[in-house]
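Novice:
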Amino acid sequence: MTDIVSLDRHGDIAVLTISNPPVNALSPAVVAGLTAAVAAFEADRTYAALLVHSSGRTFVAGGDITSFDAPDFSAAPYNDTLARIEALDRPVAAALHGTVLGGGLELALACHWRVALPSTQLGLPEVKLGILPGSLGTQRLPRLAGAKLALDMIASGRSIGAEAARQAGIVDEVREGTPLEVGLAFVQDLLARRVGPRGTSERAVPDEGLPADFFDQALAEAAARKPFYPSARNIVLAVQAAATLPFAEGEAVEARLFEALRVSPESQAMRHLFFAERQAAKIPGLGRELALRPVHSVGILGAGTMGGGIAMNFVNAGIPTVLVEVTQAALDRGLGLIRTHYEASAAKGRLTAQQVAQRMALLRGTLDDAAFADCDLVIEAVFENMDLKKQVCARLGQVCQPGAIIATNTSTLDVDVLAAATGRPADVVGMHFFSPANVMRLLEVVRGARTAPDVLATVMQLARRIGKVAVVSGVCYGFIGNRMAEVYMREAEFLMMEGASPSQIDGAVEALGMAMGPCRMLDMAGIDVGANTVIEYGKAGGLPPDDSYRAVVRRMFEIGRFGQKTGAGYYRYDGRKPVDDPETSRIAAELAASHGIARRSDIGAQEIVERLLYSLINEGARILEEGIAYRPGDIDIVWTAGYGFPDHKGGPLWMADAIGLATIVERLQHYASTRGDAFGYWRVSPLLASLAGKGQRISDFAGTLA
Ligand code: 3H9
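Written as structure tokens, this is what we have:
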């Protein structure tokens, strides 16, 4: 046996141990080790039973995702070994702990019996990688849990706990102890009861109560709700095969459907994001040995929508949080909104009354900013205005205890200027949350010129603790996300002035899978918020000398069309439903006339997509060449986790490679020549031009930030 998979004797029980840290992924070496161990067990007739378990923090978290790109990848060796395990003529049990996912659960399903520690989570999350379980999970799980639950778990990728798995028939028993203790005791019980092997594949899928059109409905739903995900349809077909075909035929169906997905661009994009997300957490130059600052309590200045949302993140993670406001009315309103939010979650069954009480007990509100003196981290979430934020930062510099971290939630302003205002810039970092802050996964962490390494590392670790995906940005206007959003909005507004309607603009990018087009996005975030950002940027001298730049948002702001909240912005709202408004088109036409912009009736979806997304990609390339982002994947994570960019496209830069950089450069040059480029809007990023010229991919660019 190997160090990775060992087979040891405990009396007449053979104990197979998988040790492939950190998560016991099924690398080719694990599969080879597993196969050898099974062969050794087959050959040794003195064993009465086999126990399969893993060392370390988890059972097996799945197939080795890094191996899926290999041209010679094949699930067959693993699947053959699973078949051999199931065919063993003596009982085989799996002792489960940690996260039993994907190929890990498929291993457990091939064993005859399963016992789990109470904290175990089990799931088939392959759908999140754009594939389906390829080691008979789609065939064995329905045989244990029924087609309905199996399809739900496989299609959603959600995990279930050990007790729910026991009730569903996936796990036989839940026991306390270490995996080895629990597994050995369980197998000894099996032997004492003289129970023999039992193969999951020999069972029929229980189909009581399943409507006759169950799979037809599921297929229709997959087509309607997940049109961009080929995995959605394939998953239904695979589970249908389990329910309707003999095991061997279902196996062949699964293999064919799995392979089609593995090589699909959608899955490649989603696998890219899996690793990009983990990579984003790593900061070049900061080692694991760096001591972090303790964060036991958090203070937040501003109890508005943003401040309240931010507070909920910490409270949800069990961290005592104090909210500070300037008036009692604002504080009461902020605390009231948080309570209402938790009570609504409780009404939906997502929280218990006790959890609501616990969370509210962790939250304190006060008008006295002296409360910040006890906090390890204080985040300012006041209105986006440089003068106000400078004042606030100066005060925080005085009131916060030595060593406390001071964070600004600015979405665009210069973090170095704010850091200087505190008088202690090493303690300062940007923490840019996205609205709604308790829901959106993205956190942009802005590294100032003087941010101390331990401050940055502490905030990155804290982000993980509160369930965010954090991406580091250098200092520039709008950081990674909003700087790119600015060019995207710029083109949306020019298109509007040229004659495209908001629904035409949004429709073009939503047809590619964007969760929301730019017009709906800003209407929801607030036209006032967007206009203010542009105005502040103007004050800081950042705007191009072009009066037509973002003219629409400024006009909308002047006339009080603040977006969804006022019933009108780019769109007019029928309740929450956006509808094109003749008034918007009149405003756009009027602005076009006053700025000498020609109106056209021939704007097509292709032009909209190119002008919006190729500008976005070009700006992303600039962000990379300037070293504002560490790596291309960080930019992809910002846009998929923060702006609704479709994950099946892998983010803007991954998509750029799929389109071809040369094509993008050619189209940028086309717009420069057809539209004129007095303000450099279409100037091609030198990095993009150079990579396109060399036929290289931007996703492979190593980055420039030291
Ligand atoms: C599958 O099973 C297909 C089968 O049906 C067919 C097979 C033939 N592979 O997330 P973390 C790495 S598809 C390779 O930070 P956590 C990860 O990159 C798979 N590497 O830890 C990271 O590396 P690094 C189905 C993997 O504690 C390190 O492990 N399974 C894999 O926050 C730590 O990861 C899944 O989709 C992998 N499968 O969360 C589960 N998994 O340190 C995917 C992790 O170099 N994994 N790594 O950055 C997860 O969801 C989480 O990693 C897990 C732990 C919950 C397990």
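My numbering applies: residue 3 is where the sequence shown begins, and numbers increase by one.
All C-beta atoms, glycine included, are put in the ideal place defined by N, C-alpha and C.
If I follow the unbroken alpha helix (DSSP H) through F385, where does it start and stop?
Specialist: First-last for F385: undefined, no H or E at that position.
Novice: From A305 to G562, what does the alpha carbon distance come to, in whole angstroms?
Specialist: Cα to Cα, the separation comes out at about 24 Å.
Novice: Cβ of P135 within 8 Å of any heavy atom in the ligand 3H9?
Specialist: At least one heavy atom of the ligand 3H9 is nearer than 8 Å to the Cβ of P135, so yes.
Novice: Buried or exposed for A708, please, with buried defined as at least 16 other CB atoms from any protein chain shown within 10 angstroms of its CB.
Specialist: Caution applies to A708, whose pLDDT of 44 falls short of 50 and renders its modelled position unreliable; the value that the coordinates give is listed next. Per the 10 Å Cβ criterion, exposed.
Novice: Three or more beta-carbon pairs under 8 Å between the region 324-335 and the region 393-400, yes or no?
Specialist: Contact between the region 324-335 and the region 393-400 is absent, because fewer than three Cβ pairs lie under 8 Å.
Novice: Between which residues of its own chain and A472 is the CB-CB distance below 6 Å, once the five residues before and five after are set aside?
Specialist: These residues qualify, in order along the chain: L445, V447, M462 and A465.
Novice: By DSSP, does V102 sit in helix, in strand, or in coil?
Specialist: Note: V102 maps to strand in three-state DSSP.
Novice: Touch check for the region 508-518 and the region 595-614: three-plus C-beta pairs under 8 Å?
Specialist: As far as the Cβ criterion goes, the region 508-518 touches the region 595-614, which means the pair count is three or higher.
Novice: Would you report the Cα separation of F230 and V265, rounded to the nearest angstrom?
Specialist: Each residue's alpha carbon lies about 15 Å from the other.
Novice: Take D582 as the anchor and find which of A590, I639, T453 and S505 has the nearest alpha-carbon.
Specialist: Comparing Cα positions, the closest option is S505.
Novice: Would you call the region 185-193 in contact with the region 161-172, where contact means no fewer than 3 C-beta pairs closer than 8 Å?
Specialist: Judged by Cβ distances under 8 Å, the region 185-193 makes no contact with the region 161-172, as fewer than three pairs qualify.
Novice: Answer yes or no: the CB of L259 versus the heavy atoms of the ligand 3H9, is any distance below 8 Å?
Specialist: No; taking the cut-off as 8 Å, the Cβ of L259 has no heavy atom of the ligand 3H9 nearer than that.
Novice: Does the distance from the CB of M486 to the CB of I666 come in under 9 Å?
Specialist: It is not a contact, given that the beta carbons lie outside the stated cut-off.
Novice: Can you give the Cα-Cα distance for P199 and A39, rounded to whole angstroms?
Specialist: Taking the straight line from one Cα to the other gives about 18 Å.
Novice: Measuring CB to CB, does Y80 end up less than 9 Å from G104?
Specialist: Cβ atoms of Y80 and G104: not closer than 9 Å.
Novice: According to the Cβ coordinates, are A494 and C521 closer than 9 Å?
Specialist: Going by C-beta atoms, A494 is nearer than 9 Å to C521.
Novice: Beta-carbon of F435 versus every beta-carbon of chain B: anything under 9 Å?
Specialist: The question asks about chain B, but that chain is absent: this structure has only one protein chain.
Novice: Roughly how many angstroms separate the alpha carbons of L259 and K150, rounded to a whole number?
Specialist: When rounded, the distance between both Cα atoms is 20 Å.
Novice: Could you pull out every residue in the same chain whose Cβ sits closer than 6 Å to the Cβ of A631, ignoring the five residues on either side in sequence?
Specialist: Counting only Cβ-Cβ distances below 6 Å, and skipping sequence neighbours, we find I482, I625 and I637.
Novice: Would you identify the three-state DSSP class for T568, choosing helix, strand or coil?
Specialist: T568: helix per DSSP, three-state reduction.
Novice: Is any non-hydrogen atom of the ligand SAM found closer than 8 Å to the C-beta of E108, if you look at the structure I gave you?
Specialist: In the structure shown, the ligand SAM is absent; the only ligands present are the ligand 3H9.
Novice: Among R59, H99, F75 and L111, which has the Cα closest to the Cα of L84?
Specialist: It is L111.
Novice: If we ignore side chains and look at the alpha-carbon of each, how far apart do T48 and I15 end up?
Specialist: So the two alpha carbons sit approximately 9 Å from each other.
Novice: Give me, in chain order, the residues of the same chain whose beta-carbon lies closer than 7 Å to that of L390; leave out the 5 immediate sequence neighbours on both sides.
Specialist: The residues are V384.
Novice: With DSSP collapsed to three states, give me the class of A708.
Specialist: In this predicted model, A708 has a pLDDT of only 44, less than 50, meaning its place in the structure is not dependable enough to derive any value.
Novice: Does DSSP put G367 in a helix, a strand or coil?
Specialist: If DSSP states are grouped into helix, strand and coil, G367 belongs with the strands.
Novice: Tell me the residue span of the alpha helix (DSSP H) that contains F435.
Specialist: Unbroken run through F435 is the beta strand (DSSP E), V430 to F435; no alpha helix (DSSP H).
Novice: How many angstroms separate the CA atom of D418 from the CA atom of I302?
Specialist: Spanning the two alpha carbons is a distance of roughly 20 Å.
Novice: Tell me which residues share the same chain as E253 and place their Cβ nearer than 8 Å to its Cβ, disregarding the 5 neighbours each side in the sequence.
Specialist: Taken in chain order, the residues that qualify are N81, L138 and Q141.
Novice: Where in the region 476-514 do unbroken runs of the alpha helix (DSSP H), each at least 4 residues long, occur, reported from the N-terminal end onward?
Specialist: Complete alpha helix (DSSP H) runs here, min 4: 483-500 and 504-512.
Novice: Quick one: is G569 buried, meaning 16 or more other Cβ sit within 10 Å of its Cβ, or exposed?
Specialist: G569 is exposed by the Cβ-count criterion.
Novice: Cβ of T202 versus every heavy atom of the ligand 3H9: is any distance shorter than 8 Å?
Specialist: Incorrect: T202 has no Cβ contact closer than 8 Å to the ligand 3H9.
Novice: Starting from L134 and walking both ways along the beta strand (DSSP E), at which residues does that stretch end?
Specialist: Element bounds for L134: n/a, residue is neither H nor E.
Novice: How about D191: is its Cβ closer than 8 Å to a heavy atom in the ligand 3H9?
Specialist: Every heavy atom of the ligand 3H9 is 8 Å or more from the Cβ of D191, so no.
Novice: Could you name the residues of the same chain whose beta carbon sits closer than 7 Å to that of G517, not counting the 5 residues immediately before and after it, in chain order?
Specialist: Checking the sequence shown, residue 517 turns out to be Ala, not Gly. Closer than 7 Å at Cβ, skipping near neighbours: G646.
Novice: Between the beta-carbon of T642 and the beta-carbon of L275, is there less than 9 Å?
Specialist: Yes; because the gap between Cβ atoms is below 9 Å, this pair is in contact.
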